[in-house]
Every structure is written in structure tokens, then in C-alpha cells.
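*Asks:* Chains R and B supply the protein sequences, listed in that same order.
In terms of the numbering used here, the first sequence is numbered consecutively and its last residue is 1937.
In terms of the numbering used here, the second sequence is numbered consecutively and its last residue is 508.
Handing you a structure now.
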Amino acid sequence: MDRLARAFTIATLVLALSPVLAAELRPPGFRPERHRVDALVGAAVVTSPGREIKNGTIVIKEGLLTAVGAKVEVPKGARIWDMTGKTIYAGFIDPYVIHAANTLPVDTTGFIPIRAGSIVDFAGAENHSKVRHPPGSGSGIHGITPQNRLDLDLVPDPKLFKSLRSIGFTTANLAPAEGILRGTGTLVNLGDGSANEIILRRQLFQHAAFEPFDDVYPKSLMGVIAALRQTFYDMEFYRKDRDHHAKNPTTRERPEANSALEALQALRDGQRVVFEPGSSLMVERAGDFVRQFKFGSAIVACGEEWRRPELVKAAGVPFIVPLGFPNAPTLPNEDDWMQVSLDQLRRWDWAAENPAVIHKQGQAVSLTTHGLGDRKSFRKMLKRAIGRGWSENNALAALTTVPAELTGTTAMLGRIEAGKVANLTVVQGSYFNPEDELTEVWVDGRRFEIDSARKPDDEKNQKAIAGAKKKNDLHKLLASRVARHPSEDRGTLATPKAVLVKNATIWTSGPDGNLTNASMLIVDGKIRALGAKADREAKEQGNVHEIDGKGLHAAPGMIDCHSHTSILGGVNESSLPSTAMVGIRDVVNSETDNFYRQLAGGLTVANLLHGSANPIGGRNAVIKLRYGDPPSKMLFAGAPLGIKFALGENVKQSNWGDDRTTRFPQTRMGVVTFHRNRFVAARQYLERMQNYTSNGGRPVRRNLELDVLGEIIEGKRWIHCHSYRQDEMIALMRTMESFDVKIGTLQHVLEGYKIADEIAKHGAGASAFSDWWAYKFEVYDAIPYAGALMWQRGVNVSFNSDSSELARRMNMEAAKAVKYGGVPEQEALKFVTLNPAKQLRIDHLVGSLEPGKHGDFSIWTGSPLDSQSICLQTWLDGKKYFDREEAPKRSIRRREERKQLIAKAKQIATFSAGDDSKSKAARAAFFTRLWEHANNLKTVECLDCQIDGGAR
Amino acid sequence: MKTLIAIFLAASCAVYAQDEIEGRRLERDISLINRLPARYLLSGATVHTVSGESIPNGQVLVVNGKIAEVGAEVKTKVAEVIDLNGMHLYPGIVSAASMLGLVEIGAVRATRDYSEVGSYTPDVESWRAVNPDSELIPVARAGGIAYVLPVPVGGVVRGQSGLVQLGGWGIEDMTVQGPVALHVSWPSMNLRLTPKHRVSKPDDWKSPEDQDKNRKKKIKELKEFFADARAYLKAKQAAGNKWNEVPAWEAMLPYLARKKPVMVHANDIRQIKGAVEWAREEKLNLIICGARDAWRVPDLLATNGVSVVYEHVFEQPARDFDEYDSGFRAPGELVEAGVKVAITIGTGRFGASIARDHSHAAAFAAAHGMPVNEAIRSLTLYPAQMLGVDDRIGSIEVGKLATLIAVDRPLLDIRGNVKRMWIQGEKVSLESRHTKLYEKYRRRPVR
């Protein structure tokens, strides 16, 4: 009643707006404030994790703890609360409560539009129908709103606060809900006072989430990373530019006033950025930002960190860990289980172990209710986590001392000590037994009784007796993990110091051609020798892993010069016509099983390219298929930088639907204009930068798009251009020649056969489809003889996959060069070995079997160009990654594991039958698909797959 | 202009020797070009009869477009002998499910004729819409494809297909037989399990239980449709002469009587199981097309005598717990269980433009356990049998049509090329948009 009265009385305003003066007498009409001296006696007081005072006393006066101990004198006049049989903990702190209706974690399945409308301030999007600048001063990039302050329009939400108190929380950091760089949150005590009364810290953290938008830049994960990176650079530039202006106020124009960049200056004063990366892999990116821009940080775990503990360790920042563990599903029919993947089951079985995994990596763990469908399940979930190698003391610390440290409130919160804020959590029994009743919490010395959700005693007892054994069994089931770690199914199968292939037919793809009945020696991951020399030197090596190649063929590891097989969170940043600022390197997905299947076809290197949605796409990443390694270790060290460009129907949005007609360019004419414009811009930018570097003066803003285009002009980065028609290829070559730029490769290059001489003369490689045609109008003239014809005319030709399916059988693509146009077999194999290596400028390291090069090779039952041959083994860096003999064993292990997991899931489902409504959210969460596995079994291509071309 | 073309064509002969084999200049721009003598002998090739043993250095006598004799040395002597020494002679490939002729360029709507509106349209007839002059047809032919079954797409009872031969002046020349099969899409059994808060339209979200009801309802609707068709038949028989016929129901009659096969397009194991059970109840002649998961239930298919048109050799495994090569191995595993398998390249996005790659899919299946003979049959005899035309096509046997391909390597070695082709005994050009463009630009003067 008291609260209601306050809410509806106009006089409340007066109170709320006045400073907090606890001693001031309230006017008549309000319930008078009670005498605020209390003594809690007879409880087990857990003053901090691991420290307990049996039969202790706590004295509270005016919102503060004034005395704590076993032999504390209770002040006269204190109201005495008998706490016998109860345990008192320091009030819990949730450092990450999204203050909005939508409290979902960052979505790792795709993306949900958060807001309509669009704002973009990048090259070429000027005519985009949806382009609209946001009101007020700030960033030009959608979702970059660090200036937003939650404290300015904070309205305490009694329902939210109550739900948090009911599970023991007394303090929460309320964080903004929308955007990428979302703004600052506010640390509040969960009492029932006004905003002014409850706030502990305003603008506590800056909040960042790797969350793409629906239809504007940045709409891909790599776009989000790029947008953040640009903003952090801008943040530094802003300060530099203002300083410069302050010193030269009369000789230069004033700098812009930008509220977003202004707000970010607080990072220099120690404000942390709390990242929600949404993916276990993106933990690495958050860590990069922290190291590069040197601000404090914390990471909100996505729940999947158990997949990549090494990344947690490397991040070196505190983690805020949710407990939103999925529940096992129930399905209508037995066969419906076929829809449930092994990975989903693993994810379910591993989930509860995540806090322990992060803790074991040495990172501070704070717990959060974030991402929990139903906050009431918090204690149950916590019990699951504790059952998985995490102690109660760890958990208590994660609720009290650790978040106090994180929020910079150790002087006030986290422990039960004299002088601290009187925030307490009281449980009849132990907090860590979800059956024990949480009776009350104290916030700022005010008592909040928790409504008991319990059934009357007699009914409870009856059920309890029946349920006790069941529960016990359930906990036992939950406490043991059946799932294996994904790393057990990937990685190396053998890592000998030296490998000798003997008696094989070796397709060297090098000057030696094919060697029959020959040997190859690999030492320390590099090819040491071939032929008789290999046999001789092998003897000196001592312990050598021998492969008897009798009747077998060895081929160089194959190279796919056009792949999208392992890109996280969108292959295209398709929003803008130039997205040179985004890069695949930021979003390499090390988790996909595609690697296994492609290794099984002899593939060892892939050129991961951005899609073909724009004339200037994102930067590429050349990777080695070191399946098992984290993304950064898959990158091909020594591979020159590159970028994806594109021409034709895709970039002019021909097949995107009839409403896409306003982005420049819409024609092949415009594509030429656009490329020229951006390179002129880049040249001017380089000049400005050079001028500033050598002469100083007004600082030049670092522009990541132009940086990258500048690298192309400087010859440090190669263009890989998706191209179909002859005229557009000529246009691009001539444009680039006018900037003295040589194109790295023309990709797909379907009509390249019509201008083979021009391509040869320019010096671009031709990375072609072997035989695709007629799916779009611009491929009507594509012919399977194109590769042979260009090869005949002196072009360096490779065949690429552009498909995670086709990448499993690149040797068959090479065979098509023999079939169509009669390319000699050894030359044809080079289409997928040496030639793509040359195109990627890595032929000094890979692409052929020559001494000094990487020990990347595959073993075949016959000629690699024979469709009856099968790949038996694939080696990479002298390590075995695939073995056909091992494959069935791996498969059986996985199927057996899945069977056990399903059995467990079904058993658990019987325990919780009839419990449907409560666990609905957790059950649904089971089917959330991760980015990392979203495209596991799909064929991912540039953009061509998105056209409504085919049947079905 | 004509001279130019003539020069360009003459130049191509060197590469495409098939054009000149009888020492005669041939016309190029039609698909059936050289009217050979009424009787001629193909001699010297390894004759892969498919139905029986292969004959090294064998002979095939063609009389009036039909195979008259097959053997190491035929008895009848003829003046016209075509030397195929070193080549491999096979019956022309039969594609048991294709998009060929129904689409030219997938991205251009005006060229798409494969998908019709409506759920129950048995009287839609696919072969009527095949474009005889599609540029894609000569390309497929050069891959050895002699017959295709253009498949209607869209709806539940999609319509009927007819078998089309890839040579002839127009669609009536080309139609081997129509209709041949009825096409049914088995209702999707897939549950959309994405949580409600993760879908783009949460209002449309349905619980798995509701979806289960929904899919059961859809199957019931399909069963009702067949029950109604039978009721129509009964009423028609009772009515005698005076009868207002309903084209859609009329279209159903041959299939109810098991005279022709019903091709059910089903990939998921639940669809396949459902379709097999349904066909048993309805006593239908069932072919499962698509059949991605068929290898999971080979015995079910074998015991029920269900044939399979397998489209998924070149697809990733459907599930993360499948072996990496499960798609490659599936045809071999089905054959081992006793299932009759036809392999096709699929009716998907590239189904028409890569129709020529049928032999590549069979090659992969063979490399992964399918006996070579069975792989060849999966491209020839078995689809002919499934479609009820094996009296005319599908093998090199006396009395069958002389629709043959001569390949310079065994058919399952994809490096090989079809060098000569005959359809109903008539020599067919292997020239296509591809070879023409190749020749044109090969001749471009060096820059």
C-alpha cells in the first residue's frame, strides 16, 4: 500500500526530486518511515565466500551495516529479528540486466531486426531509399549510440526488481538493450526508492554487442566488427583533432561536435566496455579491441565458451556468465529425433559446465540472470552448474565479491562487513539448494519479504517423499556429462617429426612432373627431399613415419581459390556498395565440419572470400584447413592480403527483387564509375595521410575503407574479382591499370575465354568455375572449355568451388580440364594445386611437392584425376588430418555418443513431464542454432544461391 | 554470314570427329542430322549391353533404327560399317528425373516452366512444355543423355511426366511416351523447431505438437484425394456411357490401376516411410524420387519392391552424425539391399544446366561401392524399367531402339567424352552452344 500511495501522489514528485535525506520527516499522508535500526541475530552469516560466522549478529543502521560478528552487542532500541536456522549472504549483484522488454541474449542464429529505418554515411549509399540520418549529434553508423545514457530516463521497474530480489539479488547493473555500441548503464540497488535513491553508479559501463542489423550497415557480423573498429579509431581521432584545434583555434576549421565520440572519451578514464560477443569465437575479437585500444572490459559469455576454452584464457578479461542452459526437448515422434544434431545434444549436455570452464581458464566469473527465459529457474540452473565441477564458494563469489570488484563497488558491496551497504540475502537453509526457501532480502537496510511460492506443508510432504528419489536420480543424471568435447573429433591424427611416402606415383605439380615408384620425405612439416634423396635422408632421420605408397598416388594438397565454407555470421556485408572495411579474417569459423569433409577430399588451403553483393566487397582470408585450431591459427601465415570485388548482376542487384533499385550502381556503367571514384578517393586519402605523417598539421581521420583501398594502390593487397561478362572484365582491368594496379584474380571469369589474351597480358589469374552455366542470364555464354582455352592462351587458370560441397572433390574439377579441351593431365591437376597457389601468391610455400614447401599432400588409390580414385589420407604441415581408415571409427564414436545423449535426454524428459509451461523457454533454447553450425551441411555460395533460379 | 558459319563449322570437324565419320559433309543446325542407311554395323567397340555381358571388340547391327543383332561378330553382312575401334558403346543415358527443357535460365522468370499453381493438379503434363530448341538440350546430349523425364514441380499431386528423347524436329518427334508417371510431393515432415522468439514471424510460429497435427492432416488430405479418385472411377464404371468426365480424375486412373508408376518426391526418412506405407495400402507402383535418406531404410524399400531415383550423390551429408561420404555411398548400399536404383543429377537449381553430368554422379557412386554394372544400369536400364519403357530403351538388346553412345573412355571415367551418338538409329550432332562458342573464340586471332 505504501508504495502504491507514493506512486499515485503528486507529492511524490517533490520527494523524488529532492536529495535523499533519510532523516527528514515525511509530510502527512505518507506512511511514516520506520525506525531504521535492526539487529539480525542467530543466523549463520557468510561474510564472504568460505567465511561463515555461526550464530552471528548483524546490526543495521540507516542502510549501513554497523556491526557484524559472533559477539556483537545489539544496540538498545534496535528491532531484533530472530534468524535462527537461516543463512545470511551478502546481497547478490547482477552486473548485466538488460533494461527492456527484450532481454534476449545476442542472437547467434541469424538476426532479428531491432529497429526499422536506416542510417548510413558511407560511400555510394547516398541514394539508398532507406538512408536516413538519426536525429541529434552522433555516429553515422546504425547502432553506434554510445552517448545513450540509461540513467537519464531510468524508471525503476518494480516487477523487474521484484523478480531479481526473489532469487536473492539486491543490486543490478541495468544495461541498454539496443544497438551495437549501446550506451551506458546504471548500477542500482533493487529497492523501491526513486531513481535518485537507488542509483549506485551512473554510466558504469559502456555496453557493446556484436549484433548485426537486418537491412542496413552493418548487417553482418564482420560488419559489426568493422563498425566497432572504425568507431574506436574515431574515438582516438576525435580527441587528437580537438586537441589540435585547441592549440590552433584561429588557423583551422573547428572539429565536429560528436556526442557519440565525446561519450567514448570516458573509456580513457577507466570506464569499461562490456562486450556481448554472442559467439565463443568472437571472444577473440573482443579481446583484440581491448588490447588494441587499451580500455577496461568484461565479456558477457554466450554459453558456448566450453567449445574454445583457449580463447577465454587468451582474452584475459572478467566474464559475466549466464545460466540459460537449454532443457532437453520432447518430440512428437521417434523419427523426429533425426532432426536433432549431435552438436545440439552436445551443446545441451555441456551447457552447465560453462561457468566452471571459464573459471578454470583463470578468468573472474560473475553470474548474471541475463538470457534466462524464466528468472525463477536461476537457482535450479546454478545447482546444475555447481554439479559440474564448480564449488559453492566459487558460485557465491560469482554473486558477490567478484561482481563487486567488476563494478568497482567493493567498498560498498560484496561482503558482510561493518561499513558496507546493508544488502543481504536470507535463506532458510542454503542458497545452493533450490528447495530451501529464500525468505527475504535486505536492500539499503530495508527488508523485502519474499512471497513463498510453496504449497501448503502437507501437500508438499506427500509430493516430497515421492519426488525425493526422483530428484536425486535426476541430479545424478544432470551431474554427469555424456557428451565428448568437439576437439576429440578433429585435429591431427598423427604428428610425426618425419614422414616418408614410399613407392608412390607422386604428382609433384612442380618441375619434376610425375615421379613413379618414388619417395618423398617431410621433416618438421616441410618437404625435405624427393626421389632417391628422400630415401637416403630418411635413414638419417631415425624415427620416420612411413607410408607405403605401392600402387598409390600422392598429390599436392589442393587449394580452393574461392570458398565461403567457414565464415561466421554472414558471407556478405551486402548493405553498401563498398565494404572494404569489413574482413573475413575477423569471422573465420573454425568450428564447421566442412573442414573434415573437405580434408577428406584432399583439400588443404582455402581462399575465404566475402560474397559478391557489392562492387567492392570485404577483405579475404587465406586459411589452411588445420581443423581443430582456433580461427587465428588457421590463417595462412605468409599469404598476402586480398579483397573481394564483384561485377555484373549481383552488384547491380538484378536478382534481388524488384524493390532493390536505388543503390548505386544499378548498371554495368555505374560499376565502372563506382570503382574509379573509390580509387580516386583512396589516392587522395593516401596523399593526405602521407602529408600528415611527414608534415604534421591537422590530423587525418583514419578511414578503414580507404585504408584498404589504399593498400591495393600501394600493391600490398590483391583484388579477387567476381566477374562474368567479357566487357565488365575489360572495364575493370583498364580501370585498375589506370591506377597501376594489377588484379590478383578474376573469379569465375565465365567469359574470360573470350578475352584470354587481354587477361594474360594484364597478368590476372583466372579462377574459374569448371562448368557451371545458364543459371543466370550473364552465364548463358559460359562454357566448360573456358579453362582449357584460357590455359592455351597463357593465362594462369585454376578451378574453384564456391561451394562447400564441391570443395570435397576438387580433383574431379581438375579432371574436367582434361575432359573439356584436353589439357594434359599434369597441367590439369595444377588447376587445383600450383595455379591457385600462384594466384594467391603463396606458390613459394604450397601448391607443389618440392623441397622447402609445406608438407601438404594427399594419398589416392589411383590417379587423382580418375573418378574412381578415392582419397585415403590428407596431410597438412606434415601432420595427418584425415585417414579413411579412421573415418568409420570416428563416425561410430559420434553415433554412439549421440545415442547415449538421446537416451539421457529422454530419461530426463520423463522426470520433468508435466512441467511443460515452466521449462518451455529452456526447452526451446535447445533448438537455437548457432552461427558456427548454421551452415554446417549447407552449400554456401557467393550470392548466386540466393536467386530464385531453380526448382524447389 | 552463311559462309562464315560454314568456315567455322568446317573448322570444328577436326575436334569433333563425329561430324565427319561417314566422309560426308553434314548439316549442323538440327539435332537429328544424318539419315543413315536403313542398315549399318557398329563395329570394334567394347559393347556394354548393360542387360548382359559386355563384348570386347563387339558388333551391333542397326536396322531401321532398331538393334537387329549384337555379338562378337554379327551374322548379317552390310555395306555400311562404322568403325568404333577403341571406343565404348553404351545405350543412351536415361534421366529419370530432370528439369531439362522446362527451364532455360533459372534466374529469368520468363524462362521457367516447371512449377504450376495448385495443390492437386494431376492433369498437368510436363512434356507438353519442353522447349525442343532449348540451348541446354544439345549440351546434355553431348554428355550422353538421350532421354529425360521432365518433372513437374509444385503442389502435392503435381502432375504427370512423359519421357522425352533428346533429338527430333519438335516435341512430337521427341515424345517417347506420355504420360509415364504421376508425381506426388510427400508432405514435409520436418518440424520447425526454432524457438518462437527466434523466428521472423512469431505469430506464425507453431509448437511441434501443432505441427505434428498439421502434417498428419496433410497426409490425410492426400489419402482423401486418392480415395476420391477411386470413388470417381467406381461412379464412372457404374454410369456406363453417359458420363461427364473430369480431366483431373481421369488423369489419376492409370495410376490407381497400377498400370503406371507413382513417383513420390521424398527425401526425409519420415517421408519415405510414410510414402512406402501409403503405397502399400493403396497398392500403387511406387518410385521414391530424391530419396536422400533412402539408404537408412534399404530393407523397407527392398521388401516392398520400391525403386529409387537417387538425386543426392553430390550433396553434403544431411546430418552431422552421418559419415562424410554417406551421399556417395548411398546408391551402393541400396543396391546391396536389393533396391533398384536410378541415379540422376537432381531436379534442383542446376538440374537442367548440368543434366549432362549424370555419369559423373554414377561414377562417384561406383567409386564408393556401387558395382560398376549397377552404376551403368542406374543410368540406363533401371530408369527404363521403372518408367515402363524397357521394351524399347535402356540396353543394347535385339529389338530395342538403336539409341547409343560411343565414348572414348569407360562411361564412369569422367575424363572421357561421348564421341558419337545415335538416337533411334539416326546419327545425332554433339555440337552445342558450348562447342560453338569454344570454336569461335579458339579462332580469335592472338592479341
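Heads up, the beta-carbon is just placed ideally off N, CA and C, and yes, glycines get one too.
Predicted model only: the values in this text are computed from it and were never measured.
If we count the other Cβ atoms within 10 Å of its Cβ and call it buried at 16 or more, is R:THR1652 buried or exposed?
*Replies:* Exposed is the call here.
*Asks:* What separation, rounded to the nearest whole angstrom, lies between the Cα atoms of R:GLY1807 and R:ALA1773?
*Replies:* So the alpha carbons of these two residues sit roughly 7 Å apart.
*Asks:* So with CB distances below 8 Å, who are the chain B contacts of R:VAL1306?
*Replies:* Correct list: empty, because the minimum Cβ distance to chain B is about 21 Å.
*Asks:* If you compare alpha carbons, which of R:ASP1725, R:ALA1716, R:LEU1172 and R:GLU1425 is closest to R:THR1392?
*Replies:* The shortest C-alpha separation from R:THR1392 is found at R:LEU1172.
*Asks:* Does the Cβ-Cβ distance between R:VAL1484 and R:GLY1863 come in under 8 Å?
*Replies:* Result yes, Cβ atoms of R:VAL1484 and R:GLY1863 sit closer than 8 Å.
*Asks:* How many angstroms separate the CA atom of R:TRP1427 from the CA atom of R:LEU1145?
*Replies:* Distance between the alpha carbons of R:TRP1427 and R:LEU1145 is about 16 Å.
*Asks:* Just the C-alpha distance for R:VAL1607 and B:GLY119, rounded to the nearest angstrom, thanks.
*Replies:* So the alpha carbons of these two residues sit roughly 53 Å apart.
*Asks:* Within 10 angstroms of its Cβ, does R:THR1646 collect 16 or more other Cβ (buried), or is it exposed?
*Replies:* Exposed, since its Cβ has fewer than 16 Cβ neighbours within 10 Å.
*Asks:* May I ask you to list, following chain order, the residues of the stretch 255-282 of chain B that have a beta carbon less than 7 Å from some beta carbon of chain A?
*Replies:* No chain A appears in the structure shown, which is made up of the protein chains R and B.
*Asks:* Strictly below 9 Å CB to CB, what residues from chain B border R:LYS1524?
*Replies:* The premise fails here: R:LYS1524 is roughly 36 Å from chain B at the closest Cβ pair, so nothing lies under 9 Å.
*Asks:* Looking at chain B, which residues of the stretch 1265-1296 of chain R have a Cβ within less than 7 Å of any of its Cβ atoms?
*Replies:* Residues: none.
*Asks:* Going by the DSSP bridge assignment, what does R:ALA1194 pair with across the sheet?
*Replies:* For R:ALA1194, which the question treats as bridged, DSSP gives the partners R:GLU1261.
*Asks:* List the residues that DSSP assigns as beta-bridge partners of R:ALA1052.
*Replies:* Per DSSP, R:VAL1044.
*Asks:* Report yes if the C-beta distance between B:GLY126 and B:GLY486 is below 8 Å; otherwise report no.
*Replies:* The answer is yes: Cβ separation under 8 Å.
*Asks:* Would you please state the rounded distance, in angstroms, between the beta carbons of B:ALA168 and R:PHE1762? I believe it to be under 8 Å.
*Replies:* Right, the Cβ-Cβ distance comes to about 6 Å (below 8 Å), so this counts as a contact.
*Asks:* According to DSSP, is R:GLU1182 helix, strand or coil?
*Replies:* It is helical.
*Asks:* Comparing C-alpha positions only, which one of R:GLU1238, R:ARG1064, R:ALA1540 and R:GLU1196 sits nearest to R:THR943?
*Replies:* The structure shown does not extend to residue 943 of chain R, since chain R is modelled only from 986 to 1937, so the question has no answer here.
*Asks:* According to DSSP, simplified to helix, strand and coil, what is R:ASN1592?
*Replies:* DSSP places R:ASN1592 in strand when its eight states are reduced to three.
*Asks:* Using 8 Å as the limit for Cβ to Cβ distance, is R:GLN1811 near chain B?
*Replies:* Taking Cβ atoms only, chain B never reaches closer than 8 Å to R:GLN1811, which makes this a no.
*Asks:* How do the stretch 1123-1142 of chain R and the stretch 1237-1250 of chain R stand: do at least 3 beta-carbon pairs fall below 8 Å, yes or no?
*Replies:* Because the criterion of three Cβ pairs below 8 Å is met, the stretch 1123-1142 of chain R and the stretch 1237-1250 of chain R touch.
*Asks:* Quick one: is R:VAL1732 buried, meaning 16 or more other Cβ sit within 10 Å of its Cβ, or exposed?
*Replies:* Looking at the sequence shown, residue 1732 of chain R is not Val but Gln. Buried: at least 16 other Cβ atoms inside 10 Å.
*Asks:* Whole angstroms are fine: how far does the CA of B:GLU372 sit from the CA of B:HIS109?
*Replies:* Roughly 24 Å separates the two Cα atoms.
*Asks:* Excluding five sequence neighbours on each side, which residues of the same chain lie with their C-beta closer than 7 Å to the C-beta of R:GLY1748?
*Replies:* If we look at R:GLY1748 and ignore the five residues flanking it on each side, its Cβ neighbours are LYS1727.
*Asks:* Using a Cβ-Cβ distance cut-off of 8 Å, determine whether R:ARG1937 contacts chain B.
*Replies:* For R:ARG1937, the pLDDT reaches just 25, beneath the cut-off of 50, and the residue's location in the model is therefore unreliable, leaving the point undetermined.
*Asks:* Contact criterion: CB-CB distance below 8 Å. Does B:ARG331 meet it with respect to chain R?
*Replies:* Yes, B:ARG331 lies at the interface with chain R (some Cβ there is under 8 Å from its Cβ).
*Asks:* Rounded to whole angstroms, what's the CA-CA distance from R:GLU1009 to R:ASN1181? Just pull it up for me.
*Replies:* The straight-line gap from Cα to Cα measures roughly 16 Å.
*Asks:* Looking at chain R, is there any beta carbon in it that lies within less than 8 Å of the beta carbon of B:VAL507?
*Replies:* It does; some Cβ of chain R falls within 8 Å.
*Asks:* From the DSSP secondary-structure annotation, give me the bridge partner or partners of B:GLU186.
*Replies:* In the DSSP output, where bridge partners are listed per residue, B:GLU186 has B:GLN221.
*Asks:* Considering just the uninterrupted stretch of the beta strand (DSSP E) at R:PHE1630, what are its terminal residues?
*Replies:* Its beta strand (DSSP E) spans residues 1626-1631.
*Asks:* From what residue to what residue does the beta strand (DSSP E) around R:GLU1422 run?
*Replies:* Segment 1422-1428, the beta strand (DSSP E) holding R:GLU1422.
*Asks:* Fully enclosed by the stretch 326-392 of chain B, which beta strand (DSSP E) runs are 3 residues long or longer?
*Replies:* List check, beta strand (DSSP E) in window: 347-351 and 368-371.
*Asks:* Say whether chain R places a C-beta atom closer than 8 Å to the C-beta of B:ARG202.
*Replies:* So no, B:ARG202 is outside the interface.
*Asks:* Given that B:ALA424 touches chain R, what residues does it touch there, using C-beta distances under 8 Å?
*Replies:* Chain R residues near B:ALA424: SER1852 and GLN1853.
*Asks:* Does the Cβ of R:ILE1844 have 16 or more other Cβ atoms within 10 Å, making it buried, or fewer, making it exposed?
*Replies:* It is buried - the Cβ of R:ILE1844 has at least 16 other Cβ atoms within 10 Å.
*Asks:* Looking at the C-beta of R:GLU1743, does it have a partner C-beta in chain B at a distance below 8 Å?
*Replies:* For R:GLU1743, the answer is yes, since a Cβ of chain B falls inside 8 Å of its Cβ.
*Asks:* Could you tell me whether the Cβ of B:PHE286 comes closer than 8 Å to any Cβ of chain R?
*Replies:* No, no contact with chain R.
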